[in-house]
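*Asks:* Just so we're on the same page, the working numbering is the position in the sequence shown counted from 1, plus 193.
Beta carbons: idealized from backbone N, C-alpha and C, even for Gly.
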Amino acid sequence: MNKTLKTIITVSTAAFLFASCHDNIYESINAEVKLESNGINGTGTISRYGDYLIFPTGHLYYKTNQSSNDTGLYNKQWAKAGLPETEKADYIDGQCYYAVGDQSNLYIMIHSWYENSSGYNAVSGRQLFVTTDTDFSDGIEWTEITIDDNLTPVKLFSNNAYDAANRLAYLRAYDSDDSTYKIYSLSGTSSPVEVTDESTGLSSDTLTAVYFPKDGQTYFSKYYSLTANDDYIYYSLTYNNSGSMATGSSIYRADGYGTYYTYSTASTSSDSNPSEEGWYEYDSDSDTYTLSSDTSLDSSKTYYTAKENTGFTLDSAAASATSCDAGGIISMAVTSNYLLLGTTSGLNRVLLSSTGDSTSLDNIPYTSTTSFSNNGNSIITEYAYSVFTLEPSDAEGENDEYVSSVIYGSVSSSSDNWEDTGLYSYYKGRGTWNRDGTDDNSSSGN
Numbered sequence: 194m195n196k197t198l199k200t201i202i203t204v205s206t207a208a209f210l211f212a213s214c215h216d217n218i219y220e221s222i223n224a225e226v227k228l229e230s231n232g233i234n235g236t237g238t239i240s241r242y243g244d245y246l247i248f249p250t251g252h253l254y255y256k257t258n259q260s261s262n263d264t265g266l267y268n269k270q271w272a273k274a275g276l277p278e279t280e281k282a283d284y285i286d287g288q289c290y291y292a293v294g295d296q297s298n299l300y301i302m303i304h305s306w307y308e309n310s311s312g313y314n315a316v317s318g319r320q321l322f323v324t325t326d327t328d329f330s331d332g333i334e335w336t337e338i339t340i341d342d343n344l345t346p347v348k349l350f351s352n353n354a355y356d357a358a359n360r361l362a363y364l365r366a367y368d369s370d371d372s373t374y375k376i377y378s379l380s381g382t383s384s385p386v387e388v389t390d391e392s393t394g395l396s397s398d399t400l401t402a403v404y405f406p407k408d409g410q411t412y413f414s415k416y417y418s419l420t421a422n423d424d425y426i427y428y429s430l431t432y433n434n435s436g437s438m439a440t441g442s443s444i445y446r447a448d449g450y451g452t453y454y455t456y457s458t459a460s461t462s463s464d465s466n467p468s469e470e471g472w473y474e475y476d477s478d479s480d481t482y483t484l485s486s487d488t489s490l491d492s493s494k495t496y497y498t499a500k501e502n503t504g505f506t507l508d509s510a511a512a513s514a515t516s517c518d519a520g521g522i523i524s525m526a527v528t529s530n531y532l533l534l535g536t537t538s539g540l541n542r543v544l545l546s547s548t549g550d551s552t553s554l555d556n557i558p559y560t561s562t563t564s565f566s567n568n569g570n571s572i573i574t575e576y577a578y579s580v581f582t583l584e585p586s587d588a589e590g591e592n593d594e595y596v597s598s599v600i601y602g603s604v605s606s607s608s609d610n611w612e613d614t615g616l617y618s619y620y621k622g623r624g625t626w627n628r629d630g631t632d633d634n635s636s637s638g639n
């Protein structure tokens, strides 16, 4: 499929789709961009390890973490890493769908297969391996990590810290003894250690983590889209709801995690005693709620009840939400001036405010997305499973950016096909988004 705005939307529908964007729609409709032939199919999440970027899709791909601004190189820079030998069925080798790095280790999860009674290949087990190799060109020495028999590995994830010194890796696993999911920290070849401190959001639902430079803490979440810059943690309320994806379209902004209170109007009667009921009064000048000292109802006042909550906070209150027109948000990455958004209908971006002197207003997401000046809005039309920015401190469009797409649901009902899914990249020197893969022309870059 030739993926351009010309083939995806008509001029009449374009006005509707992008009516709320700041940029004029015609500025984002540029010359038709032909897809390059080489591109990695399959989806995954890019991670940092040593001097490499790592991308697992079943195979394990790697490339230098040097910017294309320095190398002058674009597509065909990924290479396929050697995986440890495991059991296989019908010539299907073990496959790697999760790979994350910490300060000095790269961890992978290998799915092994068997042929079930119906003649289909099914997962027979999951194993964890680790390496400290820093040169993949001459092969990789993998060491298996021993885990307890009662644990079934489910997912690897990290806190996505830019600096390796702050980078931590985690395992989500199912504990059959307790019939619950738990999170474990990884440390080289040592057995995983259960994480139990819930003060930064850890729970049995945890799927993601993020390093917050402002306080040096790692925060955990059940939400798919989670990222941070020096000022805020950003997330949307997209999570796994009983096996289905429940998507959120608002962007939340936080600077911590803990207990906060929400207030609602109290239901009063003529004999109400606000002080005895523990009701609050609101002071609009200070924007605060204080316990009422009234022993009888004052008809000129509005009283409020307080509810205690636990979750992400902003200035010790509830996290601030910005309603956004991007649609269902399933992944996020920061740049210095935009949030890059992976959505249920492709790639998008939203501007972060920058007021200069007043830091209290900086980095607040706008309510309307801003169309790309290139083909970013049209490069994929399906789920943008993950987004990644090489240099988060650079402005959007000034350095390398990546998006990984996947078809969610039925392939037959999708506007995309298998060949359209996978890894796409933006390189400033090239100026457009396009497929990204290896230099193996015989496998179309896989």
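(1) To the nearest angstrom, how far is it from the Cα of D555 to the Cα of C517?
(2) Could you please give the first and the last residue of the uninterrupted beta strand (DSSP E) stretch that includes S392?
(3) I333 to T582, Cα distance in whole Å?
(4) Beta-carbon within less than 6 Å of A421's beta-carbon, same chain only, minus the 5 sequence neighbours each way: which residues are those?
(5) Give me the DSSP bridge partner(s) of L484.
(6) Confirm, please, whether the CB-CB distance from W271 to Y290 is below 8 Å.
(7) So, for Y473: in the same chain, excluding its five sequence neighbours on each side, which residues have a beta-carbon less than 8 Å away from its beta-carbon?
(8) To which residues of the same chain is T325 closer than 8 Å at the C-beta, ignoring the five residues directly before and after it?
(9) Run through DSSP, which three-state label would A357 get?
(10) Near N309, which residues of its chain fall below 8 Å by C-beta distance, leaving aside the five closest residues on each side in sequence?
(11) The alpha helix (DSSP H) that contains D368, what's its start and end?
(12) Is DSSP giving T440 helix, strand or coil here?
(13) Just the C-alpha distance for S603 and T236, rounded to the nearest angstrom, thanks.
(14) Using 8 Å as the threshold, is the C-beta distance between Y417 and R446 below it?
(15) Are the beta-carbon atoms belonging to A292 and I233 less than 8 Å from one another?
(16) For S414, which three-state DSSP category applies?
(17) Quick one: measure Cβ to Cβ for Y267 and S261, integer angstroms, because I've assumed they're closer than 8 Å.
(18) Comparing C-alpha positions only, which one of S493, T458, A510 sits nearest to D480?
(19) Are N627 and L228 touching if we call contact CB-CB under 8 Å?
(20) With distances taken between CB atoms, is the gap from G535 to S546 smaller than 8 Å?
(21) Considering only the alpha carbon of each residue, which of T506, A577, Y475 lies closest to N541?
(22) Give the secondary structure of S513 by DSSP, where H, G and I count as helix, E and B as strand, and everything else as coil.
(23) Is the beta carbon of S378 closer than 8 Å to that of G394?
(24) In the DSSP assignment, find the unbroken alpha helix (DSSP H) run with T614 in it and report its ends.
(25) So, helix, strand or coil for F329, using DSSP?
(26) Helix, strand or coil: how does DSSP classify S579 here?
(27) Buried or exposed: which applies to S636, given that a residue is buried once 16 or more other Cβ atoms fall within 10 Å of its Cβ?
(28) Given that a residue counts as buried once 16 or more other Cβ atoms are within 10 Å of its Cβ, and exposed if not, what is S551?
(29) Determine, using beta carbons only, whether S598 and G622 come nearer to each other than 8 Å.
(30) Residues in the same chain with beta-carbon distance under 6 Å from D632, minus the five sequence neighbours each way, listed in chain order, please.
(31) How about N231 and G630: do their beta carbons lie closer than 8 Å?
(32) Just tell me which of S443, D398, S462, A354 has its CA closest to the CA of S435.
(33) In three-state terms, what does DSSP make of P467?
(34) Per DSSP, G451 forms a beta bridge with which residues?
(35) Please classify S297: does DSSP put it in a helix, a strand, or coil?
(36) Does the Cβ-Cβ distance between G520 and T431 come in under 8 Å?
*Replies:* With the given structure in hand:
(1) 17 Å
(2) It is not in any beta strand (DSSP E) - S392 carries neither H nor E in the DSSP assignment.
(3) 26 Å
(4) Cβ neighbours of A421 beyond the five flanking positions: V403, F405.
(5) Answer is Y473, bridged to L484.
(6) No, the pair does not count as a contact, with Cβ atoms beyond the cut-off.
(7) Exclusion of the five residues before and after Y473 leaves Y456, Y482, T483, L484, S485, Y496, Y497, T498, A499 as the residues of its chain whose Cβ lies within less than 8 Å of its Cβ.
(8) S297, N298, L299, G381
(9) helix
(10) Counting only Cβ-Cβ distances below 8 Å, and skipping sequence neighbours, we find A315.
(11) D368 -> not in any alpha helix (DSSP H); beta strand (DSSP E) instead, spanning 362-368.
(12) coil
(13) Here the model assigns S603 a pLDDT of 49, short of 50, so the residue's position is not dependable, and the following value carries that caveat. In a straight line, the C-alpha of S603 is about 16 Å away from that of T236.
(14) no
(15) In this structure, A292 sits away from I233, with a CB-CB distance that is not shorter than 8 Å.
(16) strand
(17) 6 Å
(18) A510
(19) The answer is yes: Cβ separation under 8 Å.
(20) Not closer than 8 Å, so no.
(21) A577
(22) strand
(23) no
(24) Counting along the chain, T614 falls outside any alpha helix (DSSP H), and DSSP gives it neither H nor E.
(25) helix
(26) strand
(27) exposed
(28) Any reading at S551 must be qualified, since the residue scores a pLDDT of 46, below 50, and its modelled position is unreliable; the value itself is stated next. With fewer than 16 other Cβ atoms within 10 Å, it is exposed.
(29) no
(30) K269
(31) yes
(32) D398
(33) The three-state secondary structure of P467, taken from DSSP, is helix.
(34) G504
(35) coil
(36) G520 places its beta carbon 8 Å or farther from that of T431.
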